[in-house]
Amino acid sequence: MGLVHIYFGDGKGKTTAALGLALRALGDGLRVCVCQFLKGAESGEVEALRRFENAMLLRAQEGTGKFLWQMDEEERAACLSGQRALLDCAAAADADVYVLDEVTDAAQAGAFSIETLLKRLEALRGRGEVILTGHEVPDALLDRADYITRMQKLRHPYDHGISARRGIEY
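As numbered in our numbering, residues 60 to 229 make up the sequence shown, in order.
Shown next, in the form of structure tokens:
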């Protein structure tokens, strides 16, 4: 049985920490499934993961290039439907380590219920280590975690008008 890790909060570093653990696992020959919710843009981590034979990257195909709050009702419904399908794909994947990046945000946006996520979490931890990331995490998920790390923003360049930089923030 695997352990459950949660990286959450408003600070930079949630995905970075999760993928650092994934990199360590890949380096030791473990099979890693990285499932990215609510993310569609190309990034350095996506390119790096594609170079590993024992890494599986899952991402929803439905994308508008917008954040959820920028979408109209039809775009949002299509996006959330894609996120539900993505959770099913992650549950079907065969891996030693599962990274469910931004999964708590997808649940809170209405893609699937926390109860559904909890069921998937229990099934996945029976097969391997599970890492969840997101901004906020309900107590029901925190109660199931073995590791909990809160990333807290104290200062960020975005607050001063500096946009995210490729290779650093994404």
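Think of the CB as a built atom: it goes at the ideal place given N, C-alpha and C, for glycine as much as any other residue. Note that the coordinates shown come from a computational prediction; the quantities given were computed from them, not determined experimentally.
Query raised in the report: Taking all protein chains shown into account, do 16 or more other C-beta atoms lie within 10 angstroms of the C-beta of L183, making it buried, or fewer, making it exposed?
Result: So L183 counts as buried.
Query - In DSSP terms, what D235 is bridged to - result: The structure shown has nothing for residue 235, since the chain only spans 60 to 229.
Query raised in the report: Less than 9 Å separating the beta-carbons of L80 and H64?
Result: Contact flag set, yes.
Query raised in the report: Which one or two residues does DSSP pair with V63 in a beta bridge?
Result: Looking at the DSSP assignment, V63 forms a beta bridge with V189.
Query raised in the report: Can you name, in chain order, every residue of its own chain whose Cβ lies under 6 Å from the Cβ of A165, other than the five neighbours on each side?
Result: Once the five neighbours on either side are set aside, the close Cβ partners of A165 are F96, L97 and Q142.
Query raised in the report: Does the separation of the CB atoms of D160 and T208 fall below 9 Å?
Result: It is not a contact, given that the beta carbons lie outside the stated cut-off.
Query raised in the report: From I227, E101, Y157 and R118, pick the residue whose C-alpha is nearest to that of G187; which is it?
Result: G187 has its Cα closest to that of Y157, out of I227, E101, Y157 and R118.
Query raised in the report: Any idea which residues DSSP pairs Y217 with across the strands?
Result: Residue pairing from DSSP leaves Y217 without any beta-bridge partner.
Query raised in the report: The beta strand (DSSP E) with L116 in it runs from where to where?
Result: First-last of the beta strand (DSSP E) with L116: A114 to R118.
Requested in this report: Could you tell me whether the Cβ atoms of E104 and L145 are closer together than 9 Å?
Outcome: The answer is no: Cβ separation not under 9 Å.
Query raised in the report: In whole angstroms, what is the alpha-carbon distance linking R90 and Y66?
Result: Computed Cα separation, rounded: 21 Å.
Query raised in the report: Along the chain, where does the alpha helix (DSSP H) that runs through R135 open and close?
Result: Note, R135: alpha helix (DSSP H), E132 to A151.
Query raised in the report: Out of curiosity, what's the CA-to-CA distance linking L213 and G68?
Result: Straight through space, the alpha carbons of G68 and L213 are spaced by roughly 11 Å.
Query raised in the report: In whole angstroms, what separates the C-alpha of D155 from that of D87?
Result: Distance between the alpha carbons of D155 and D87 is about 11 Å.
Query raised in the report: Tell me which same chain residues have a C-beta within less than 7 Å of the C-beta of Q167, skipping the five on either side of it?
Result: Within its own chain, the residues whose Cβ lies closer than 7 Å to the Cβ of Q167, once the five positions on either side in sequence are excluded, are E195, listed in chain order.
Query - N- and C-terminal bounds of the beta strand (DSSP E) containing I227 - result: No residue range can be given for I227, since it is assigned to no beta strand (DSSP E) and is classified by DSSP as neither H nor E.
Query raised in the report: Once you ignore the five residues that flank T175 on each side, which residues in its own chain have a CB closer than 6 Å to its CB?
Result: Closer than 6 Å at Cβ, skipping near neighbours: no residue.
Query - Nearest neighbour of A149, chosen from R224, Y217 and L116 [CA to CA] - result: Comparing Cα positions, the closest option is L116.
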